[in-house]
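Peer 1:
Residue numbers (this note's numbering): 15 to 315.
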């Protein structure tokens, strides 16, 4: 089977059978494509692959042909997960009799704490948005909602009008793996959304009226790239160094700081396991230590 056709089938299985998101499936297919390209360069038939070839492939990934081609342990860990899934797919296609990728051990990933904005920085960011334009009104509502609900950028872009319940202050979000979850949002987000839906969105959707809540200047559903670009503009105006996803990290950290339990935060974020959510407890510990050192100079020389 040709490589392109094989990867297309792999992508279809990841989306339909495994339930991976579009981004997750594309990442896995990209890793599998790199592996197939390496096999072709080394003149190794796919059907003849053993764990030895996999080890050689990942050794090349770690060392790289050039300095730019070297990858970190975290990337290798993701690649191994991808090839485990690809191996299972190949077994199902009778290309492999067994999956040698299951014998590979994932390298230990360094746990870098995500950046979090303070409440003051969040306010500065939101206040930097000019509400004198329809697009400014849209952006204020968009970023208020992302912060108030801890949304991923893809979840905000794909949010449907039918899943936005203003009076109840609840949205229904389709997250990773097509899993739905219900998330409440705050009064400030409600006010910003009402202003957007009453004044800005009708003007932006004169020519078309998509089912998504947030639209661009053409009236079409806003893109991830558009959201990212606008965020960077406002972040620069506010004098903060952050990404769109930083609002999600800040949402989780501020909830924990306010006393919410970890399981509830996990549900709101849509994490499949509690282990992913526990990173925010480490952020809290770090912040507490900083505050302690600031206001309690007992051991300072």
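Using N, Cα and C, we set each Cβ at its ideal position, and we do this for glycine too.
Based on the DSSP output, what are the partners of residue 174 in its beta bridges?
Peer 2: In the chain shown, the residue the question calls residue 174 occupies position 160. 226.
Peer 1: Output the boundary residues of the beta strand (DSSP E) element that contains residue 1.
Peer 2: The chain is shown from 15 up to 315; residue 1 falls before or after that span and cannot be answered.
Peer 1: Using CA coordinates, which residue listed in 274, 152, 192 and 173 is at the minimum distance from residue 217?
Peer 2: The residue given as residue 217 occupies position 203 in the chain shown. Of 274, 152, 192 and 173, the residue nearest in Cα terms is 152.
Peer 1: Please go through the same chain and pick out, in chain order, the residues whose beta-carbon is closer than 6 Å to the beta-carbon of residue 103, but skip the five residues on each side of it.
Peer 2: Looking up residue 103 in the chain shown gives position 89. Cβ within range, chain order: 24 and 27.
Peer 1: Tell me whether residue 222 is buried or exposed, calling it buried when 16 or more other Cβ atoms sit within 10 Å of its Cβ.
Peer 2: Working through the chain shown from its first residue, we reach residue 222 at position 208. It is exposed - the Cβ of residue 222 has fewer than 16 other Cβ atoms within 10 Å.
Peer 1: DSSP three-state label for residue 114, please.
Peer 2: For the purposes of this step, residue 114 is identified with residue 100 of the chain shown, where counting begins at 1. Helix.
Peer 1: How far does the beta strand (DSSP E) with residue 198 in it extend, from its first residue to its last?
Peer 2: The residue you call residue 198 lines up with position 184 of the chain shown. Element bounds for residue 198: 194-198.
Peer 1: Exposed or buried, residue 258, counting other C-beta atoms within 10 Å across all chains shown (16 or more means buried)?
Peer 2: One-based indexing of the chain shown puts residue 258 at position 244. The residue in question, residue 258, is buried, as its Cβ has 16 or more Cβ neighbours within 10 Å.
Peer 1: By the DSSP assignment, the beta strand (DSSP E) with residue 186 in it spans what residues?
Peer 2: The count along the chain shown starts at 1 and reaches residue 186 at position 172. From DSSP, the beta strand (DSSP E) with residue 186 extends over 184-188.
Peer 1: Just confirm the distance between the C-beta atoms of residue 131 and residue 256, as a whole number of angstroms; I'd bet it's less than 8 Å.
Peer 2: In the chain shown, residue 131 corresponds to position 117, counting from 1. In the chain shown, residue 256 corresponds to position 242, counting from 1. Contact flag correct, Cβ pair sits at about 6 Å.
Peer 1: Starting from residue 235, follow its DSSP beta bridges and name the residues at the other end.
Peer 2: Residue mapping note: residue 235 aligns to position 221 of the chain shown, counting from 1. Paired residue(s): 229.
Peer 1: To the nearest angstrom, report how far apart residue 100 and residue 49 are at their CA atoms.
Peer 2: Within the chain shown, numbered from 1, the residue matching residue 100 stands at position 86. Within the chain shown, numbered from 1, the residue matching residue 49 stands at position 35. Taking the straight line joining both Cα atoms gives about 10 Å.
Peer 1: Count the C-beta pairs between the segment 185-193 and the segment 154-168 that are closer than 8 Å, then say yes if the count reaches three, no if not.
Peer 2: These segments touch.
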